[in-house]
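Following: one structure in structure tokens, then a few remarks.
Numbering (UniProt numbering), first residue to last: 1 to 274.
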């Protein structure tokens, strides 16, 4: 089960493609309700009949409870009732969007213990939200039966703005091969992730893909969104330089997860990993 925002849906789509490619009878993999993967829906469940398994995506942008105009950083998201049933969980806590910057014109946004902060530091809000998630994991997950991953920050490559302020990065056809990475400093929120996971009782595998993605400035959809694929006129004003093309970078994340699962299986059987 993958839990998170659209970046985790990006990884979810990669998993579906990889699994589907490996099936002999591809008709035996389908969405339980017949839904197509889209931005509009917040929950998908794909069943793989031959292996009696299910791959699910649960949309939860911040892992804590999000209201219409507030974010309760001390309350776990209501979708957590679904998390308990999964054998393998892959989480991500959004580093951008409302967690990084409250909605325009909103002062009273972060809420804790019934108190609505007039102003509150976004980095500290991120820390407290992550600690709320960590406590839920420690209280509800059984390490003997369940495995938890937390995927770290995926590098975006906007120039001249962000995703909602005119940022662009089109025309890139090669990764950064030399001369330094796109992001020069390690993201502060990744340091928070490492600190919180280190203090947890339940072991969590941190999938740190920050440096890996840093070099792949060529891997984003950029101007090639749905309209472009349908033959419509392409506008350079709105570009996607944070999500990833498929096949592409998210496939590598899932291969790392597969390698971890393979290693754990070999270790549990007392075998020496290949």
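Heads up, the beta-carbon is just placed ideally off N, CA and C, and yes, glycines get one too.
C-beta contact flag for residue i and residue j at 8 Å
i	j	result
residue 46	residue 23	no
residue 8	residue 137	no
residue 196	residue 131	yes
residue 208	residue 152	yes
residue 94	residue 240	no
residue 148	residue 193	no
residue 250	residue 11	yes
residue 129	residue 242	no
residue 187	residue 210	yes
residue 83	residue 1	yes
residue 71	residue 150	no
residue 146	residue 199	no
residue 125	residue 73	yes
Straight-line gap, residue i to residue j (C-alpha atoms, nearest Å)
i	j	result
residue 36	residue 25	19 Å
residue 27	residue 56	18 Å
residue 34	residue 59	18 Å
residue 77	residue 259	30 Å
residue 261	residue 115	42 Å
residue 252	residue 216	12 Å
residue 53	residue 113	39 Å
residue 109	residue 267	46 Å
residue 135	residue 173	43 Å
residue 14	residue 244	10 Å
residue 222	residue 38	18 Å
residue 50	residue 255	21 Å
residue 121	residue 29	45 Å
residue 178	residue 219	17 Å
residue 166	residue 246	Note that residue 166 scores a pLDDT of 49, beneath 50, so its modelled location is shaky; the value from the coordinates is reported in the next line. C-alpha separation (whole angstroms): 24 Å.
residue 43	residue 185	35 Å
residue 18	residue 144	27 Å
residue 154	residue 191	14 Å
residue 117	residue 202	31 Å
residue 140	residue 123	26 Å
residue 68	residue 81	21 Å
First through last residue of the alpha helix (DSSP H) which encompasses residue i
i	result
residue 197	188-198
residue 216	Note, residue 216: premise wrong, no alpha helix (DSSP H); not H, not E.
residue 89	No alpha helix (DSSP H) contains residue 89, which is instead part of the beta strand (DSSP E) from 88-91.
residue 206	No alpha helix (DSSP H) contains residue 206, which is instead part of the beta strand (DSSP E) from 204-207.
residue 147	Looking at the DSSP string, residue 147 is not in any alpha helix (DSSP H); the run it does join, the beta strand (DSSP E), is 147-151.
residue 120	Taken as a continuous stretch (DSSP letters only), residue 120 belongs to no alpha helix (DSSP H), as it is neither H nor E.
residue 252	249-268
residue 83	80-83
Cβ neighbour criterion (16 or more within 10 Å) applied to residue i
i	result
residue 189	buried
residue 20	exposed
residue 175	exposed
residue 257	buried
residue 119	exposed
residue 32	exposed
residue 164	Because the pLDDT at residue 164 is just 49, under 50, the model does not fix this residue reliably, and the point stays unresolved.
residue 92	buried
residue 85	exposed
residue 62	buried
residue 127	buried
residue 263	exposed
residue 111	buried
Boundaries of the beta strand (DSSP E) in which residue i is found, first to last residue
i	result
residue 110	110-112
residue 177	Careful: residue 177 lies outside any beta strand (DSSP E) and carries neither H nor E.
Going along the chain, which unbroken runs of the beta strand (DSSP E) with 3 or more residues stay wholly within the region 5-70? 29-31, 43-48, 53-59, 64-66
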